[in-house]
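Heads up, the thing below is written out as structure tokens.
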Amino acid sequence: MTTTPPAPPDDLLDADFYLYEALLPDDERKILRKARAFLRDEVKPMVNRYWDKGEFPMELIEKFRGSGLTALSYEGYGEHLPAASHLLGGMLAMEMSRVDPSVATFFGVHNGLSFYSIYTGGDQEQRERWLPAMASMEKIGAFAMTEPLGGSDVSGGMRTTAKLQGDTWVLNGAKRWIGNATFADHVVVWARDVDDNQVKGFVVEKGTPGFVPVKIEGKIALRIV
2 MTTTPPAPPD
12 DLLDADFYLY
22 EALLPDDERK
32 ILRKARAFLR
42 DEVKPMVNRY
52 WDKGEFPMEL
62 IEKFRGSGLT
72 ALSYEGYGEH
82 LPAASHLLGG
92 MLAMEMSRVD
102 PSVATFFGVH
112 NGLSFYSIYT
122 GGDQEQRERW
132 LPAMASMEKI
142 GAFAMTEPLG
152 GSDVSGGMRT
162 TAKLQGDTWV
172 LNGAKRWIGN
182 ATFADHVVVW
192 ARDVDDNQVK
202 GFVVEKGTPG
212 FVPVKIEGKI
222 ALRIV
């Protein structure tokens, strides 16, 4: 007599092996489970074909707009009040990575690196200018630190320069491995001020003269970003 072993559950993380989910308050646990269902039903079915093509699924942005998952950790911007915990943010990243690491990278760059840079480093005018549209995903952000020769060595290896000429900052340099860069509406670019040698952040909008994002071909991972 032979028996067929049961198929593994489609949602293995329901097992919550490390018991982190139990540390979330009830409202955040509901958000996590909603996100899990959204990623399973709306995102997972599409990612493989875009992985094969090495293209970002622009339709994914529209799906995320209705998910309620953006800007949860930022007071005054997300749907969750007060701001959601960092634990929930980490568990959401884990859920996205389980579906596809490229999806987690897209969301983490937009909702984390780019949003957080403006949220913490921008003045009031800059926050009002960019963050509401980022929270609703009407605008997508990217984050440019890593460089071809120095990697992410900000302290000593950053070669991109910034020079204030009159009222305009002029940036010169190259960046590498910048997730979202080819389709983002703006990029937070880090550069070294030639006058005081300090590294500073600049929001460079799509279409700015001299800003040329180029897709990296032939990647074996994170192919859709």
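Going by my numbering, the first residue of the sequence shown is number 2, and it counts up by one from there. Built from N, CA and C at the ideal position, the CB exists for glycine as well.
By the CB criterion at 7 angstroms, M159 and R193 fall inside the cutoff.
Distance from the CA atom of W170 to the CA atom of P210, rounded to whole angstroms, is 12 angstroms. A direct Cα-to-Cα measurement between A222 and T106 gives close to 11 angstroms.
Counting the other Cβ atoms within 10 Å of the Cβ of S137 gives fewer than 16, which makes it exposed. Under the Cβ criterion (8 angstroms, minimum of three pairs), the stretch 150 to 169 does not count as touching the stretch 119 to 128. Remark: three or more beta-carbon pairs, one from each stretch, lie closer than 8 angstroms, so the stretch 80 to 94 and the stretch 24 to 44 are flagged as touching. Spanning the alpha carbons of N112 and P133 requires a straight line of approximately 12 angstroms.
In this structure, the alpha-carbon of M97 lies about 7 angstroms from that of L40. Sixteen is the threshold: when 16 or more other Cβ atoms of the shown chains lie within 10 Å of the Cβ of M92, as they do, the residue is buried. Note that the C-beta distance between S118 and V189 is below 7 angstroms.
Rounded to the nearest whole angstrom, the C-alpha separation of G167 and R177 is 29 angstroms. In this structure, the beta-carbon distance from S74 to G90 falls below 7 angstroms. Under DSSP, D194 shares a beta bridge with A163. Taking 7 angstroms as the cut-off, the beta carbon of F144 is found closer than this to the beta carbon of V110. Counting C-beta atoms within 10 angstroms of its own C-beta, K140 has 16 or more neighbours from the protein chains shown and is therefore classed as buried. For the stretch 33 to 87, the continuous alpha helix (DSSP H) assignments of 4+ residues that do not extend past its boundaries occur at 45 to 54 and 60 to 66, in sequence order. Annotation note: the stretch 105 to 175 contains the following uninterrupted alpha helix (DSSP H) runs of length 4 or greater, listed N- to C-terminal: 116 to 122 and 125 to 136.
Put simply, of F203, L70 and A163 the residue whose alpha carbon is nearest the alpha carbon of W131 is F203. For the pair P26 and P46, the Cα-to-Cα distance works out to about 30 angstroms. The three-state secondary structure of V189, taken from DSSP, is strand.
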